[in-house]
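Asker: First, the structure itself, so that you have it in front of you.
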Amino acid sequence: NTFLQHPADGKRDGLIHAIPGGIWGKDHDPIYEHPWTSPKLMPVMTHLGPAAPAGIVRFDSGKFGEEYRDNLFCAQFNLRKVSRHILTPKGSTYETKDSDFVTSPDPDFHPTDVIVAADGSLIVLDTGGWYKLCCPSSQLVKADAVGGIYCVRLTSEPLTYGKPPRPDHHEPAEHDLRRWAETARRDDIPLVLKALAKPSNDRHLDTALTFALLRIGDYDATSIGLTSPTPRVRRGTLAALEAIDAKRLKSSAVLPHLTAADANLRETAWWIAAKHPDWGGELVGHFRDQLDAKLPEADREDLTNRLAKFAKNEAVQMLLAETAANPISLRAMARASLKTTPESWPKALAAAMRANPADTLATVRALAMKSPPAELTDAVRLIGADAKAQPGLRLAALAALPDRALTTDGFDFTRSLLAIDSTAADVMLRSKLSAAQLAKLATTLNTVGPVERAKLLPAFTKSTDETVGLALVASLDEPKVRAAIRSEQLRPILDKYPAAVQAEAAKLYAILDAEILRQREKLEALVKELPAGDVSRGHKVFNSPKAACVTCHTIGYVGGKTGPDLTRVGSLRTERDLLESIVFPSLSFVRSYEPVSVSTLDGKQFSGIVKKDAADEIVLVTAADREDRIRRENIESLKPGTVSVMPAGLDQQLSKQDLADLVAFLRASK
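All residue numbers for the sequence shown refer to our numbering, where the first residue is 845 and numbers rise by one.
Structure below.
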């Protein structure tokens, strides 16, 4: 399957051993519609990375010798190979020994399926280069790369027909027990509970046994497992009871296990408790003790997340207000995702501003209160107006009060930092700027980088002033700026401006559209002009503020999550494809990173990548450091976007040597 996890550390796709009751897949909303048997997703049997596995077959032939019989062969579309996987029983599941079986250096070789032929040999289907909709990077259709059908067979044997009989295999007892669990009945519940106690159980067997209890659905008979002296049994019993009838499960059966010595039992108890925010009042004492304790960083992070999950409870809300000076409480408030801010929090935040201004401002920004009380507003404004405050702290204060007017001093201060601090663009975007300020901001667009420019453009949707519009068009109508923008990006912004602005904008659109038609020629010319690249220098470019790649992309364990994981991108993309993605990012989009365009009933425009698509709201990633939550009832239209969140124009920002080094570094990332 594809996307068995969010791309990270070179992992994405893979092979799983599927069983009833198991939950796999990347962590997103649809998987929570199913009954779970434990707090964790099931493990992936074999990680393949960004392979786009397309076809798989169990090779039930003896044509290649008995050592190949019952091997799995998998067509990996992206990685241009067919892999071989030897299955070996391990407990109640399997592990695989993996190797490449068919490979090709041809970038247009895309194996899509594998089939056992009638004579027992292996058929490989190659799609070729015509397909360009999802995984491939380039938007150039290569109609001449037509693919083909290949037959893999032993050269020492003539073609024959018919399949040899498959030998019988005897599976270990763990497999028998797992399969027995799939058909267990009510009378078997004591046997299921007994089987859960075995310390040798693996995740697949534990899942099958817990799911058996869940499937049988007898709450009373299953609850006997709570009296077991074995933590493994109590863990499985709690998970099953929560799924059978969560309303019958009492806090007294769960909360004592929050401090259990057994890590799995403790984790399951917290997982279940988080599903019952009404139990929060009973947990206040525990949370208070934890906030007073000196915890290691990992435990502080766990406590923050647990407090955030229980923040819907009024008693926990009061606790967070009372302890607002504690960074853990502040972070928990920020992560709570409450629709409305509790009444007790703003006053507590105003008081915490004096002791811990940085963390408090971050929380105020995350809460995004529409009408914060004067006490909190005054505390934030005081820092925003303080010329002696650290620039980063002062910017954070200005960003914490959206839809407010900026003083002349505040505007000039923020404008001076646009090229060096991304928060400055957020301040401009979230403030009520006068026509004079917008016109002045427009003249800055040709001096900032493509990342900052892309963030600032939506600020001009708030005006229809002719002077502002003309200043904006004039600033954008410069060669180095035009290379980084598209007409589709500007039309929603400029369409509401007067006729004089429309006339100037039409001239700019014509130039931009002509530039799009010449992009292929420019790209081919750039490929020929690039010097030899250096991997070490490319690593520095990737992490440099000028390129800012690491802000959005991860390689290995380091980097942002806004864009695709690039840990193994070198095994997927050619130098030309990588260069296209850097220079013209809007030509093609990686699967699950396609932009969308959202218009709201109050006239606002958003463009970004969907992080959450829920019944009540859409969460868009609109920049590396920004997310926008949009209520469903406020959406006028939602449609596919044509402009990448990644800004164009890096070829204007980087030298040809920098580009060559960056491409070399990405190609080496395998």
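By construction, the Cβ of each residue, glycine as well, lies at the ideal position given by its N, Cα and C atoms.
1. Would Asp952 count as contacting chain C if we go by Cβ distances under 8 Å?
2. Using a Cβ-Cβ cut-off of 6 Å (strictly less than) and excluding sequence neighbours within five positions of Ala1180, which residues of its own chain qualify?
3. Could you pull the start and end residues of the alpha helix (DSSP H) that His1383 belongs to?
4. Mark Val990 as exposed unless 16 or more other C-beta atoms lie within 10 angstroms of its C-beta, in which case mark it buried.
5. Quick test of your reading: Ala1025 and Ala1052, contact by CB under 8 Å. State the CB separation rounded to the nearest angstrom.
6. Work out the CA separation of Val1325 and Gly1403 for me, nearest whole Å.
7. Taking buried to mean at least 16 other C-beta atoms within 10 Å of its own C-beta, is Asn1478 buried or exposed?
8. With distances taken between CB atoms, is the gap from Leu1334 to Val1345 smaller than 8 Å?
9. Between Ser1513 and Thr1411, is the Cβ-Cβ spacing less than 8 Å?
10. Return the Cβ separation of Val1394 and Pro1439 in integer angstroms, given the expectation that the two are a contact with Cβ distance under 8 Å.
11. Rounded to a whole number of angstroms, what is the C-alpha to C-alpha distance between Gly866 and Asn915?
12. Could you check the C-alpha separation between Gly1377 and Asp1133 for me, to the nearest Å?
13. Following the continuous alpha helix (DSSP H) through Val1454, name the residue where it begins and the one where it ends.
14. I'd like to check one pair, His1048 with His891: are the Cβ atoms closer than 8 Å?
15. Given this structure, state the Cα-to-Cα distance separating Phe1386 from Asp871, to the nearest angstrom.
16. Using 8 Å as the threshold, is the C-beta distance between Lys1276 and Asp1247 below it?
17. Give a yes or no on whether the C-beta atoms belonging to Val1128 and Ala1097 are separated by under 8 Å.
18. Could you work out which residue in Ser1188, Asn1149, Ala1165 is closest to Ala1176 when comparing CA atoms only?
19. Which runs of the alpha helix (DSSP H) spanning at least 4 residues fall entirely within the stretch 1266-1344, listed in chain order?
20. Mind checking which residues open and close the alpha helix (DSSP H) that includes Ser1592?
21. Residues in its own chain within less than 7 Å of Tyr1005 by CB, not counting five upstream and five downstream?
22. Going by other Cβ atoms of all chains shown within 10 Å of its Cβ, with 16 needed for buried, is Tyr876 buried or exposed?
23. Val958 and Ala919: beta carbons closer than 8 Å?
24. What whole-angstrom Cβ distance do Pro851 and Asp1409 have, given they're in contact under 8 Å?
25. Out of Thr1418, Ile1060, Leu966, Arg1225, state which residue places its alpha-carbon closest to the alpha-carbon of Pro951.
26. Within 8 Å, do at least three Cβ pairs link the stretch 1098-1107 to the stretch 891-907?
27. Apart from the five residues just before and just after Gln1496, which ones in its own chain have a Cβ nearer than 6 Å to its Cβ?
28. When the Cα atoms are used, what is the spatial distance from Val1463 to Asp1457?
29. So, with DSSP's three-state summary, where would you put Gln920?
30. Tell me the rounded alpha-carbon separation between Glu1368 and Ala1168.
31. For the beta strand (DSSP E) containing Asp1253, name the first residue and the last one.
32. So the candidates are Phe1257, Ser1430, Lys1448; which of them puts its Cα closest to the Cα of Glu1480?
33. Do Ala1202 and Leu1237 have their C-beta atoms within less than 8 Å of each other?
34. DSSP three-state label for Ala962, please.
35. Closest by CA to Leu1423, which one among Glu1166, His1383, Leu1510, Pro1171?
36. So, using beta-carbon positions, are Ala1178 and Ala1210 closer together than 8 Å?
Answerer: From the atom records:
1. This model lacks chain C altogether; it includes just one protein chain.
2. Ala1152, Ala1155, listed in sequence order.
3. For His1383, the enclosing alpha helix (DSSP H) stretches over residues 1379-1387.
4. The residue is exposed, with fewer than 16 neighbouring Cβ atoms inside 10 Å.
5. About 4 Å; that satisfies the 8 Å criterion.
6. Going by the C-alpha atoms only, they are around 27 Å apart.
7. When all chains shown are included, Asn1478 counts as exposed.
8. For the 8 Å CB-CB criterion, Leu1334 and Val1345 do not form a contact.
9. It is a contact, given that the beta carbons lie within the stated cut-off.
10. Wrong, their Cβ atoms sit about 21 Å apart, outside the cutoff.
11. Looking at the two C-alpha atoms, the distance is approximately 23 Å.
12. The straight-line gap separating the alpha-carbon atoms of Gly1377 and Asp1133 is approximately 56 Å.
13. Taken as a continuous stretch (DSSP letters only), Val1454 belongs to no alpha helix (DSSP H), being part of the beta strand (DSSP E) at 1449-1457.
14. Inclusion of His891 and His1048 in the CB contact set at 8 Å is not warranted, their separation being larger than that value.
15. If you take the alpha carbons of Phe1386 and Asp871, they lie about 28 Å apart.
16. Yes, the Cβ-Cβ distance between Lys1276 and Asp1247 is below 8 Å.
17. Val1128 places its beta carbon 8 Å or farther from that of Ala1097.
18. If you compare the alpha carbons of Ser1188, Asn1149, Ala1165 with that of Ala1176, the shortest gap goes to Asn1149.
19. Entirely contained in the stretch 1266-1344, the alpha helix (DSSP H) runs reaching 4 residues are, in chain order, 1266-1274, 1279-1286, 1294-1300, 1310-1320, 1323-1326, 1331-1338.
20. Outside the displayed span of the chain (845 to 1514) sits residue 1592, for which this structure offers no information.
21. Residue placement at Tyr1005 is poorly supported in this model, since its pLDDT is 47, which falls under 50; the coordinates are not used for a value here.
22. Taking all protein chains shown into account, Tyr876 has fewer than 16 neighbouring C-beta atoms within 10 Å of its C-beta and is therefore exposed.
23. Cβ atoms of Val958 and Ala919: closer than 8 Å.
24. At roughly 3 Å, the Cβ-Cβ gap stays under 8 Å, so Pro851 and Asp1409 are in contact.
25. Among Thr1418, Ile1060, Leu966, Arg1225, the Cα nearest to that of Pro951 is on Thr1418.
26. With a cut-off of 8 Å, the stretch 1098-1107 and the stretch 891-907 do not count as touching, because too few Cβ pairs lie within range.
27. For Gln1496, where only same-chain residues beyond five positions count, the Cβ hits under 6 Å are Lys1324, Ala1327.
28. Between Val1463 and Asp1457, the alpha-carbon positions lie close to 7 Å from each other.
29. Strand at Gln920.
30. When rounded, the separation of the alpha-carbon atoms in Glu1368 and Ala1168 is 57 Å.
31. It is not in any beta strand (DSSP E) - Asp1253 instead sits in the alpha helix (DSSP H) that spans 1252-1260.
32. Looking at the Cα atoms, Lys1448 is the closest of the given residues.
33. Their beta carbons are under 8 Å apart, which means Ala1202 touches Leu1237 by this criterion.
34. DSSP places Ala962 in coil when its eight states are reduced to three.
35. Of Glu1166, His1383, Leu1510, Pro1171, the residue nearest in Cα terms is Leu1510.
36. Taking 8 Å as the cut-off, the beta carbon of Ala1178 is found closer than this to the beta carbon of Ala1210.
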